[in-house]
Amino acid sequence: MKIRHIRESDYDRIVPLINDWWAGRQMADMVPRLFFDHFQPTSFIADEDGEILGFLIGFLSPARTNEAYIHFVGVDPNHRQKSIGKNLYEHFFSTAQQERRSIVRAVTSPVNEASIAYHVKMGFSIERGKEENGIHIHKNYDGPGQDRVRFVKELDLI
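Position 157, counted from 1, in the sequence shown is what my numbering calls 188; the numbers after and before it change by one each time, with no gaps.
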């Protein structure tokens with residue numbers, strides 16, 4: 032497996048996979064083409080012999096110059112538990128550090144318990160919000176009815 036930067040041409044290969052990887056949840060709209068066009072230096076593909084095993088879409092915040100943001104991450108369900116996600120995150124963390132970004136942020140849906148657990152395992156803290164069912168959420172964070180769990184991770188600068 033190799034980790035490489037995302038390319039514009041990857042869009043047409045990845046978008047059809049997304050809803051399948053999320054067990055039918057309609058998630059493909061969360062990953063518009065603009066990420067493949069404009070965020071190549073901070074977005075990555077895990078590839079093995081031409082097969083996409085996973086991807087991470089991230090960027091450096093233009094407004095918060097010490098922060099980076101992970102927008103969307105996916106790993107093929109048939110290839111989970113192989114450190115693919117961990118390798119993608121570590122590539123992003125390294126890129127953020129090289130660009131002098133000491134804070135990484137991300138969000139997920141409160142119903143995505145696996146994502147919440149994974150982010151905590153990767154060293155993220157959950158930002159305090161309104162507690163519901165033992166989870167701190169931020170109501171309407173991404174629009175009406177679009178509650179999110181917000182994460183933050185501090186990086187040591189190299």
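Think of the CB as a built atom: it goes at the ideal place given N, C-alpha and C, for glycine as much as any other residue.
Check                                                                                                                                          : Outcome
Expressed to the nearest angstrom, what Euclidean distance is found between the alpha-carbon atoms of LYS117 and GLY85?                        : 11 Å
Would you mind giving the Cβ-Cβ distance between PHE123 and LEU87, rounded to the nearest angstrom? I have them listed as a contact below 8 Å. : 6 Å
Judging by CA-CA distance, which residue of TYR149, GLU162 and ARG136 is the nearest neighbour of ILE101?                                      : ARG136
In the DSSP assignment, what residue or residues form a beta bridge with VAL104?                                                               : LEU87
Compute the distance between the beta-carbons of VAL46 and ALA77, then report whether it is under 9 Å.                                         : no
Tell me ALA99's beta-bridge partners as DSSP assigns them.                                                                                     : LEU91 and VAL135
Who does SER156 pair with in a DSSP beta bridge?                                                                                               : VAL183
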